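> Let me give you the structure first, and then I'll get to my questions.
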Amino acid sequence: MKKAFDQNVSRAKPRLKLGGPPPGPAASESRGAEDDWVYEVAAQVAGQSRAAEVEAPTAREVLAAAARASEAEEEEVSTRSRVEATLREAAAVAEPEEVQEEERVTVAVGAKGRGATAHGSASTVVSGPAPAARGGAGADSRSSGRAAPAAAPPSSSSSAPSTVSAPSRASSPPPASPPSSRSAPPAPMPAPAAPVAGAMAERRPSTTVRTETVVAPPPGASAPVARQAAQDDTATRRERLRERLRGVREHPRPEPLPTSVAAAGVLAVERIAHLQAELTQVKQHNAALQHDLDVARRACERATEEARGRVEEARRLAAQMEERAGLLSELERELQSVEGERDEALLAVQEARTQAAAEQEQRERLAADMTRKDAELADSLSEEERLAGELERFRDDGTQLRKSVEVLSTERDTLARQVADLTAERAELLEARKALESVHRALTEAARR
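Position one of the sequence shown corresponds to residue 680 (the numbering used here), numbered consecutively onward.
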C-alpha cells in the first residue's frame, strides 16, 4: 500500500520551477482523473477538502466580527467615561494652571460583509494622559504603540503617527481551533485558511489610526489623583493587552496545508509511524499493567493463605482456651469437695468437744476412762490442727487458682481481640481481592475492546 502511494505521489509531483513561467492551459488540461484523485487524497490527509473553498466569509467569521465590534463599542464607552471623569476632576481645581497634553487615539474599525451589524462599522477610542515633558514625536510614537494592541494582532504593529492599514480580522484573536501537530491526526476544518484569509482581506476595509492632541485643564491640588487615575488606566490597558496575548497563545492558528502531494504523503507517513509508535507504547504499558496485576494477584493469594493460617491458629487457641476452662471447672468442683470435707471436720470437732464435756461430767465416775478420753482428746486436737493446716493450704490454693482464673480471663480477652482483628483483616483482604478482580475484569474488557 505504501509503495502504491509513493508511486502515485511520484507521478503527481508538480512540474514547476522557482522563477519559471507558469504552465499553460494544455498542461492543466493534461492532468487526468488519476491526478485529481491524488490531489483529493492529499487534501483529505491534510484535514481539509477542496470542495470547501469559498471566497465569501463564513457565518462564524461574520458573527465573530460583530462580537468584536460590540466589544469595541463597550471599550470605547468605558474609556470615554474614564477620560471625562479625569477631566472633570482636573477642571474642579482653581489654582495656577499648567498645560498638560492628552493624546487620544481613535481607532476606527470598519466591519463590512454579510451578516454584519446594522451600521456596518464600529469604532474604538483609547485615550490616556501623556506627560507634558514629551514632545510631538514622543506622543506620536506612544499613540502608535498604543493603537497596535487595540487594532492589530501581535504580528502587526506600527510606529507611524498617521494612517495604518491592517485587516479588520486582526483586531481580536482568531476563533478557537484545535492545535495541530505532526504527532496527532489533523481535525477537519470548514474551509481552507488561505482562501478565506484572502477573501476577508479583500472584503474588509482597512484600519485607520489617527492621533489627536487635546489641551486639558491643568491639575492643581488634584495632580496626584489624576496621576493615579492615569496609572490605573495604564495598568488596565496592560492587563487587557496581556489577556489578548494570552488568548492568542491559547488559540494558535492551524497548521497550513502541505504545498505538494509529496509533502502531504510524507506528513501522512510520519503520522502513521507516530501512531504505530504510540500503539507500541500502549501495548508495552498494557503488558506492564498485566504483570503488575499478576503480581498483585499472587500477593493477594499469599495474604489469603496467611489469613487462613491465622484463622486456624485462632481456632486452635480457642480450643485450648476451652480445655483450660474445663480444667478450671474441675478445679472448682474439687475445691467445693474440699470445702465439704472441711465442714465435716468442723462438725467432728464439735462432736469431740461435746464428748469431752460429757467425759468431764463423767470424770468422777469414769476415772479409768479419763486417760483414754484425754488421749482421744489429744488426738482430736492434733487432727484439728492438721485440718486447720490443710484448710490454710486450701485457702492459699484457692487464692492461686483465682489468680490463675484472672490471668486466663485476660488471655482469653486478648485472644478474642486478636481474633476480631484477624477477622477485620480478612474482611479487608476480601474487599481488596474483590477490587483487584473488578480491576482485572475492567482491564480485560478494555483489552477486548
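Cβ atoms here follow ideal geometry from the backbone N, Cα and C, with glycine treated the same way. Being a predicted model, the structure only gives us computed values, none of them experimental.
Span of the alpha helix (DSSP H) holding Leu-972?
Taking the first residue of the sequence shown as 1, we reach residue 972 at position 293. Residues 940-1040.
> For the alpha helix (DSSP H) containing Glu-1043, list its first residue and its last residue.
Locating residue 1043 in the sequence shown gives position 364, where the first residue counts as 1. Here Glu-1043 belongs to no alpha helix (DSSP H), and DSSP marks it neither H nor E.
> State the Cα-Cα distance for the pair Arg-1072 and Arg-977, rounded to the nearest angstrom.
Here residue 1072 is taken as the residue at index 393 of the sequence shown, counted from 1. Here residue 977 is taken as the residue at index 298 of the sequence shown, counted from 1. Straight-line Cα distance between these residues: approximately 60 Å.
> Could you pull out every residue in the same chain whose Cβ sits closer than 6 Å to the Cβ of Ala-706, ignoring the five residues on either side in sequence?
Working through the sequence shown from its first residue, we reach residue 706 at position 27. For Ala-706, the pLDDT reaches just 44, beneath the cut-off of 50, and the residue's location in the model is therefore unreliable, although a value from the coordinates is still provided. So the list is empty, once near-sequence residues are dropped.
> Just the Cα atoms here: how many angstroms apart are Ala-1079 and Leu-1010?
Within the sequence shown, residue 1079 is the residue found at index 400, counting from 1. Within the sequence shown, residue 1010 is the residue found at index 331, counting from 1. The amino acid occupying residue 1079 in the given sequence is Gln; Ala does not appear at that position. Going by the C-alpha atoms only, they are around 11 Å apart.
> Going by the CB atoms, is the gap between Ser-1059 and Val-1028 shorter than 8 Å?
Residue mapping note: residue 1028 aligns to position 349 of the sequence shown, counting from 1. Residue mapping note: residue 1059 aligns to position 380 of the sequence shown, counting from 1. In this structure, Ser-1059 lies closer than 8 Å to Val-1028 by Cβ.
> Do three or more CB pairs link the stretch 978-990 to the stretch 1102-1111 at distances below 8 Å?
Cβ pair count under 8 Å is three or more, so yes.
> Apart from the five residues on each side of it in sequence, which residues of its chain come closer than 6 Å, Cβ to Cβ, to Ala-1031?
By 1-based counting over the sequence shown, the position of residue 1031 is 352. Here the set comprises Ser-1059.
> So, is the C-beta of His-964 closer than 8 Å to a C-beta in chain B?
Given the protein chain composition of this structure (a single chain), no chain B is represented.
> Alpha carbon to alpha carbon, what distance is there between Arg-747 and Leu-924?
Along the sequence shown, one-based indexing puts residue 924 at 245. Along the sequence shown, one-based indexing puts residue 747 at 68. Distance between the alpha carbons of Leu-924 and Arg-747 is about 15 Å.
> Pop quiz: Leu-1070 and Arg-1021 are said to be a contact at Cβ under 8 Å. What is the actual Cβ separation, rounded to whole angstroms?
Within the sequence shown, the letter at position 391 stands for residue 1070. Within the sequence shown, the letter at position 342 stands for residue 1021. Their Cβ separation, rounded to whole angstroms, is 6 Å, which keeps Leu-1070 and Arg-1021 in contact under 8 Å.
> Under 8 Å Cβ to Cβ from Leu-1115, same chain only, skipping five residues before and after it: list those, please.
Within the sequence shown, numbered from 1, the residue matching residue 1115 stands at position 436. Cβ within range, chain order: Leu-972, Ala-975, Arg-976 and Cys-979.
> To the nearest whole angstrom, what separates the beta carbons of Glu-1038 and Lys-1052, a pair I think is in contact under 8 Å?
Taking the first residue of the sequence shown as position 1, residue 1038 is located at position 359. Taking the first residue of the sequence shown as position 1, residue 1052 is located at position 373. So it is a contact: roughly 4 Å between Cβ atoms.
> If you measure between the beta carbons of Leu-1025 and Gly-1077, is that distance less than 8 Å?
As a first step, residue 1025 must be located in the sequence shown, where it is residue number 346. As a first step, residue 1077 must be located in the sequence shown, where it is residue number 398. No, the Cβ-Cβ distance between Leu-1025 and Gly-1077 is not below 8 Å.
> Using a threshold of 8 Å, state whether the C-beta atoms of Arg-1003 and Leu-1122 are closer than that.
Mapped onto the sequence shown, residue 1003 falls at position 324. Mapped onto the sequence shown, residue 1122 falls at position 443. No. Outside cutoff.
> I need the straight-line Cα distance from Pro-937 to His-953, nearest angstrom please.
By one-based count along the sequence shown, residue 937 stands at place 258. By one-based count along the sequence shown, residue 953 stands at place 274. Cα-Cα distance, rounded: 18 Å.
> Can you have a look at Glu-1023 and say buried or exposed, based on whether 16 or more other CB atoms are within 10 angstroms of its CB?
Walking along the sequence shown from the start, residue 1023 turns up at place 344. Exposed, because fewer than 16 other Cβ atoms sit within 10 Å of the Cβ of Glu-1023.
> Can you tell me which of the three DSSP states Ser-1072 falls into?
Numbered from 1 along the sequence shown, position 393 holds the residue referred to as residue 1072. Rather than Ser, the amino acid found at residue 1072 in this sequence is Arg. Note: Arg-1072 maps to helix in three-state DSSP.
> What would DSSP say about Leu-936, mapped onto helix, strand or coil?
Translated into the one-based positions of the sequence shown, residue 936 becomes position 257. Leu-936 falls in the coil class under three-state DSSP.
> Please classify Gly-944 as buried or exposed, where buried requires at least 16 neighbouring CB atoms within 10 angstroms.
Within the sequence shown, the letter at position 265 stands for residue 944. Buried: at least 16 other Cβ atoms inside 10 Å.
> Which residue from Glu-740, Gln-1097 and Glu-754 puts its Cα closest to that of Asp-912?
Mapped onto the sequence shown, residue 912 falls at position 233. The residue with the shortest Cα to Cα distance from Asp-912 is Glu-754.
> Under 8 Å between the Cβ atoms of Leu-1007 and Leu-1094?
Along the sequence shown, one-based indexing puts residue 1007 at 328. Along the sequence shown, one-based indexing puts residue 1094 at 415. No, these two residues do not count as a Cβ contact at 8 Å.
> Taking the alpha-carbon of Leu-1056 as reference, which of Arg-1044, Gln-1034 and Leu-1045 has the nearest alpha-carbon?
Taking the sequence shown and counting its residues from 1, the one referred to as residue 1056 is at position 377. It is Gln-1034.
> If you run the structure through DSSP and keep just helix, strand and coil, what is Arg-747?
The residue given as residue 747 occupies position 68 in the sequence shown. Reduced to three states, the DSSP call for Arg-747 is helix.
> Of the choices Glu-957, Gln-960 and Arg-1091, whose alpha-carbon is the least far from that of Met-1000?
For the purposes of this step, residue 1000 is identified with residue 321 of the sequence shown, where counting begins at 1. The candidate whose alpha carbon is nearest that of Met-1000 is Arg-1091.
> Are Leu-1066 and Arg-989 close, meaning C-beta to C-beta below 8 Å?
As a first step, residue 1066 is located in the sequence shown; it is residue number 387 there, counting from the start. As a first step, residue 989 is located in the sequence shown; it is residue number 310 there, counting from the start. Cβ atoms of Leu-1066 and Arg-989: not closer than 8 Å.
> What three-state label does DSSP hand Arg-1120 in the structure shown?
As a working mapping, residue 1120 is identified with position 441 in the sequence shown. Three-state DSSP puts Arg-1120 in a helix.
> On the CB-based measure, 16 or more other CB atoms within 10 Å of its CB, does Ala-956 come out buried or exposed?
Position 277 of the sequence shown, counted from the first residue, corresponds to residue 956. Classification of Ala-956: exposed, given that the 10 Å Cβ count is below 16.
> If you check the beta carbons only, do Ala-908 and Thr-765 fall under 8 Å apart?
The residue given as residue 908 occupies position 229 in the sequence shown. The residue given as residue 765 occupies position 86 in the sequence shown. Yes, Cβ-Cβ distance for Ala-908 and Thr-765 is below 8 Å.
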